[in-house]
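**Student:**
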Amino acid sequence: MQKSEASRDAHAVALREIEALLAAHADVAETDLERGDGYVRIALRPRVANACPLDLVLFDDGAVDLRLAEEEHEGVRDIPPARLATLIGAVLAGKVKTIRETTLATGQLRSVEVVVRPDRGEAWRRRREVEPISRLVAPEAAEREAHHYVAYRREDAPRP
3 MQKSEASRDA HAVALREIEA LLAAHADVAE TDLERGDGYV RIALRPRVAN ACPLDLVLFD
63 DGAVDLRLAE EEHEGVRDIP PARLATLIGA VLAGKVKTIR ETTLATGQLR SVEVVVRPDR
123 GEAWRRRREV EPISRLVAPE AAEREAHHYV AYRREDAPRP
């Protein structure tokens with residue numbers, strides 16, 4: 003099988019899994035799946051407060067544009083199509099947190115990290131440094147505050 007065929011097959015399998023997730027959560031979220039020329043766009047808008055909204059664009063070349071909460075990540079290449087449904091499922095289950103690092107002296111934003119922890123597999127994380135503050139202020143001179151999101155559906159919430 004050629005690489006392009008394998009890639010198309012992986013995309014098709016991932017999209018079927020994602021469509022099933024969207025259908026299963028239509029009662030707790032506004033869901034949208036739009037197919038375009040060379041991409042598929044997926045949007046989740048929770049109906050419950052403090053759940054993490056998601057926008058994802060999967061391009062035919064395997065790149066992903068991802069927006070979780072207020073953080074945008076373009077051209078992401080470390081999420082294979084086979085893992086997309088797992089990550090979306092983790093977002094739906096409330097297994098997302100953002101960690102904001104601010105300077106102790108002025109409270110200016112130094113960095114933001116998004117962490118998604120699925121039940122299986124490694125956590126996906128992405129950190130954004132705010133320039134020039136991140137170069138000028140050492141991590142020791144900053145405080146970190148984590149914001150944990152809730153599940154779209156209450157029974158999907160993680161148990162202690």
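Numbering (this note's numbering), first residue to last: 3 to 162.
From the three backbone atoms N, C-alpha and C, an ideal C-beta is built for every residue, glycine too.
Mind checking who Pro48 pairs with in its DSSP beta bridge?
**Tutor:** Residue mapping note: residue 48 aligns to position 46 of the sequence shown, counting from 1. Answer is Ala31.
**Student:** Under three-state DSSP, which class holds His149?
**Tutor:** The residue you call residue 149 lines up with position 147 of the sequence shown. Strand.
**Student:** Give me the residue from Gly123, Ala8, Gly40, Glu133 with the minimum Cα distance to Ala87.
**Tutor:** The residue given as residue 87 occupies position 85 in the sequence shown. Of Gly123, Ala8, Gly40, Glu133, the residue nearest in Cα terms is Gly123.
**Student:** If distances are taken between C-alpha atoms only, which option among Val30, Thr105, Leu89 comes closest to Arg69?
**Tutor:** Locating residue 69 in the sequence shown gives position 67, where the first residue counts as 1. For Arg69, the nearest C-alpha among the options comes from Leu89.
**Student:** Taking the alpha carbon of Lys99 as the point to measure from, which residue in Arg112, Arg128, Ala107, Ala22 has its own alpha carbon closest?
**Tutor:** Within the sequence shown, numbered from 1, the residue matching residue 99 stands at position 97. Of Arg112, Arg128, Ala107, Ala22, the residue nearest in Cα terms is Arg128.
**Student:** Does DSSP put Val114 in a helix, a strand or coil?
**Tutor:** Sequence index remark: in the sequence shown, residue 114 carries index 112 (1-based). Strand, per DSSP.
**Student:** Tell me the DSSP bridge mates of Gly38?
**Tutor:** The residue you call residue 38 lines up with position 36 of the sequence shown. Bridge partners of Gly38: Tyr41.
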